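Q: Note that the protein sequences, when read in sequence, are chains A and B. The opening residue of the first sequence carries number 1 in UniProt numbering; numbering runs sequentially from there. The opening residue of the second sequence carries number 1 in UniProt numbering; numbering runs sequentially from there. For each residue, glycine too, the CB sits at the ideal point set by N, CA and C. Model, not experiment: these values are computed from the prediction. Below you'll find the structure I mean.
2 protein chains.
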Amino acid sequence: MSTPADTTGGRRGPYRKTVRRRQEILDAALEVFAVVGYRGGSLRAVADRVGMSEAGLLHHFGSKDRLLVETLRRRDEVTEADLDFSAPGPEVLRQLVEVAARNVRAQGAIELFVVLSAEATDPDHPAAAFFRDRCERLLDRLTAVYDDLGDRGWLPEGADPASLALGTVATWDGLQVQWLHLGRAFDLPDALRAGIEGRLLRPLPGPD
Amino acid sequence: MSTPADTTGGRRGPYRKTVRRRQEILDAALEVFAVVGYRGGSLRAVADRVGMSEAGLLHHFGSKDRLLVETLRRRDEVTEADLDFSAPGPEVLRQLVEVAARNVRAQGAIELFVVLSAEATDPDHPAAAFFRDRCERLLDRLTAVYDDLGDRGWLPEGADPASLALGTVATWDGLQVQWLHLGRAFDLPDALRAGIEGRLLRPLPGPD
DNA sequence: ACGAATACCTAGCGATTGCTCGGCTTTCGT
DNA sequence: ACGAAAGCCGAGCAATCGCTAGGTATTCGT
């Protein structure tokens, strides 16, 4: 009755330093999976990067599958934390560009999602469900955003919100792929902003 | 001096049926790599699909690397064969949508390029050079196309051809990824056409 | 300070990987 | 029809894979 989160009687919680340790592992896993993907990455590569044994890794995350999912979930939380879809339409799109900019700054974030989103195209991939859900959720919310934009008179006559949402996510994803292929040689957030603004009647608000 | 393509004296050309055999192998390799990628696919999986041994495979293509590159090159030729970049701007964009439609019909073509284009983001990947070159070439040509479109008055004031080319390729790639994630649930060529037309002043010509 | 749970390691298992080697069979130019 | 090259295979090698078993060391509530 003393520890705040003891579900059963016999168990004990993780140690103090363990939280940080797990964080280090997830960071290392991100570095590995981001470059060579899930199938190309090995537990050994991750373990070496943290200075730990493979068995040590598996003590914290029971399997390679769970390690991957945990890595993705963690990165997803961080990157989309401050995305408020209930804000007015133009504001949401502005936030989108900002998230893209933050991802460029965060090392490996873009690599991770580009590589794994493609790998998880296979239904048997451990992250397949993760990306399907994420994709559908993002589309739903963005469609609502474009609905709102239509009401505010930001869209041309007869524009379809769902189609615009699809196009926006597509440009985002596609730009990331090209950005990696071309050696990060262009301004990714700028290109995304241009891609979005090209379909609107008015320019997006500036980053105040 | 009898065989048409004997470079050196001692060598002999491939047998008659070999051409077809190699074709079958490339088809099988496409099916495998398209689903699980290069790193996830094994020579054994490809060999089984053709009803051959791994050693037999390696007799035709010396290594797994070469098998992959050959598979990509073959598919690239087929899919982009009838893309005439010297045609007038609007016509080229129309052809682009047509290629997308043909890719949807060709089994595994989209899967192959989505999965491998992301995998080849790693500079050490055997297909890295292939995709970098392909990406740069496509961008160059598309930029010229949008230049032409600007001259013809199809673009809004102050539109940047290079930026438009980047956006077009991005939407194409991105739509393919989502198309796979969402279980092929929307009309890919239509979405691409919409994405392209959204940035033009006039609609594209119909498929006559 | 004691005891129990957690953290972490070494060793190793079984499976799979890409690829090589030596030899047999088929093809085909002469 | 003969011989050389091409096609193809079975066996096997060295490396790597994810993961388990069983142990020791560390942590921390009491």
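What residues of chain A sit near B:Val115, judged by a beta carbon separation below 9 Å?
A: Position 115 of the second sequence, counted from the start, is the residue given in the question as residue 115 of chain B. Residues of chain A passing the Cβ test: Ala118, Glu119, Thr121, Asp122.
Q: What do you reckon, are the CB atoms on B:Gly174 and A:Trp172 nearer than 8 Å?
A: Position 174 of the second sequence holds residue 174 of chain B. Position 172 of the first sequence holds residue 172 of chain A. For B:Gly174 and A:Trp172, yes; Cβs fall inside 8 Å.
Q: Output yes or no for whether 8 Å exceeds the beta carbon distance between B:Gly37 and A:Glu24.
A: The residue labelled residue 37 of chain B in the question sits at position 37 within the second sequence. The residue labelled residue 24 of chain A in the question sits at position 24 within the first sequence. It is not a contact, given that the beta carbons lie outside the stated cut-off.
Q: Within its chain, find whatever has a CB closer than 8 Å to the CB of A:Ala87; leave out the 5 residues flanking it on each side and keep chain order.
A: In the first sequence, residue 87 of chain A corresponds to position 87, counting from 1. Cβ neighbours of A:Ala87 beyond the five flanking positions: Gln95.
Q: Tell whether a beta-carbon distance below 8 Å holds between A:Leu204 and A:Leu93.
A: Indexing the first sequence from 1 puts residue 204 of chain A at position 204. Indexing the first sequence from 1 puts residue 93 of chain A at position 93. Going by C-beta atoms, A:Leu204 is nearer than 8 Å to A:Leu93.
Q: Closest by CA to B:Asp187, which one among B:Asn103, B:Glu91, B:Gly40?
A: On the second sequence, residue 187 of chain B is found 187 positions in, with the first residue counted as 1. For B:Asp187, the nearest C-alpha among the options comes from B:Asn103.
Q: Please confirm if A:Gly195 has its CB atom under 8 Å from at least one CB of chain B.
A: Residue 195 of chain A sits at position 195 when you count from the first residue of the first sequence. Yes, contact with chain B.
Q: Quick one, are the C-beta atoms of B:Gly89 and B:Asp160 less than 8 Å apart?
A: Translated into the one-based positions of the second sequence, residue 89 of chain B becomes position 89. Translated into the one-based positions of the second sequence, residue 160 of chain B becomes position 160. No; because the gap between Cβ atoms is not below 8 Å, this pair is not in contact.
Q: With a cut-off of 8 Å, does the C-beta of A:Glu31 fall near any C-beta of chain B?
A: To locate residue 31 of chain A, count along the first sequence from 1; it is residue 31. So, not an interface residue.
Q: Using 8 Å as the Cβ pair cut-off and three pairs as the minimum, do the segment 123 to 138 of chain B and the segment 58 to 78 of chain B touch?
A: Output reads yes: the segment 58 to 78 of chain B touches the segment 123 to 138 of chain B.
Q: Among B:Ala28, B:Ala101, B:Val19, B:Arg134, which has the Cα closest to the Cα of B:Met52?
A: By one-based count along the second sequence, residue 52 of chain B stands at place 52. Looking at the Cα atoms, B:Ala28 is the closest of the given residues.
Q: In terms of alpha-carbon separation, which member of A:Arg202, A:Ser42, A:Pro14 lies closest to A:Ser63?
A: Indexing the first sequence from 1 puts residue 63 of chain A at position 63. With distances taken between Cα atoms, A:Ser63 lies closest to A:Ser42.
Q: Helix, strand or coil: how does DSSP classify B:Trp154 here?
A: Working through the second sequence from its first residue, we reach residue 154 of chain B at position 154. Correct three-state label for B:Trp154: coil.
Q: Using a cut-off of 8 Å between C-beta atoms, extract the partners of B:Trp154 located in chain A.
A: In the second sequence, counting from the first residue as 1, residue 154 of chain B sits at position 154. The contacting residues do not exist; B:Trp154 stays about 14 Å from chain A at best.
Q: Would you tell me roughly how many angstroms separate the C-alpha atoms of A:Lys17 and A:Leu26, rounded to the nearest one?
A: Sequence index remark: in the first sequence, residue 17 of chain A carries index 17 (1-based). Sequence index remark: in the first sequence, residue 26 of chain A carries index 26 (1-based). Their backbone Cα atoms lie some 15 Å apart in a straight line.
Q: Give me the chain A residues within the contact set of B:Ser163, using Cβ-Cβ distance strictly less than 8 Å, ordered along the chain.
A: As a position in the second sequence, residue 163 of chain B is number 163, starting the count at 1. In chain order: Ala191, Ala194.
Q: Out of curiosity, what's the CA-to-CA distance linking A:Gly206 and A:Tyr146?
A: Residue numbering aside, residue 206 of chain A sits at position 206 when the first sequence is read from its first letter. Residue numbering aside, residue 146 of chain A sits at position 146 when the first sequence is read from its first letter. So the alpha carbons of these two residues sit roughly 19 Å apart.
Q: Output yes or no for whether 8 Å exceeds the beta carbon distance between A:Phe33 and A:Leu68.
A: Here residue 33 of chain A refers to the residue found at position 33 when the first sequence is read from its first residue. Here residue 68 of chain A refers to the residue found at position 68 when the first sequence is read from its first residue. Yes; because the gap between Cβ atoms is below 8 Å, this pair is in contact.
Q: Are any of the Cβ atoms in chain A nearer than 8 Å to that of B:Thr143?
A: Start at 1 with the first residue of the second sequence, and residue 143 of chain B comes out as number 143. So no, B:Thr143 is outside the interface.
Q: Measure the C-alpha to C-alpha separation of A:His60 and A:Arg66 and round it to an integer number of angstroms.
A: As a working mapping, residue 60 of chain A is identified with position 60 in the first sequence. As a working mapping, residue 66 of chain A is identified with position 66 in the first sequence. Those two C-alpha atoms are separated by around 10 Å.
Q: Applying a beta-carbon distance threshold of less than 7 Å, which residues of chain A neighbour B:Val169?
A: As a position in the second sequence, residue 169 of chain B is number 169, starting the count at 1. Those within 7 Å of B:Val169 in chain A are Gly174, Gln178.
Q: Let me know if A:Leu142 comes out buried or exposed under the rule of 16 or more other beta-carbons within 10 Å of its beta-carbon.
A: Taking the first sequence and counting its residues from 1, the one referred to as residue 142 of chain A is at position 142. A:Leu142 comes out buried.
Q: When the Cα atoms are used, what is the spatial distance from A:Thr7 to A:Gly13?
A: Along the first sequence, one-based indexing puts residue 7 of chain A at 7. Along the first sequence, one-based indexing puts residue 13 of chain A at 13. Bear in mind that the predicted position of A:Thr7 carries a pLDDT of just 43, short of 50, making it unreliable; the figure below should be weighed with that in mind. Cα to Cα, A:Thr7 sits roughly 10 Å from A:Gly13.
Q: Run through chain B and tell me which residues come within less than 8 Å of A:Phe131, C-beta to C-beta.
A: In the first sequence, residue 131 of chain A corresponds to position 131, counting from 1. Simply His181.
Q: Do B:Ala45 and B:Gly56 have their CB atoms nearer than 8 Å?
A: Residue numbering aside, residue 45 of chain B sits at position 45 when the second sequence is read from its first letter. Residue numbering aside, residue 56 of chain B sits at position 56 when the second sequence is read from its first letter. No, Cβ-Cβ distance for B:Ala45 and B:Gly56 is not below 8 Å.
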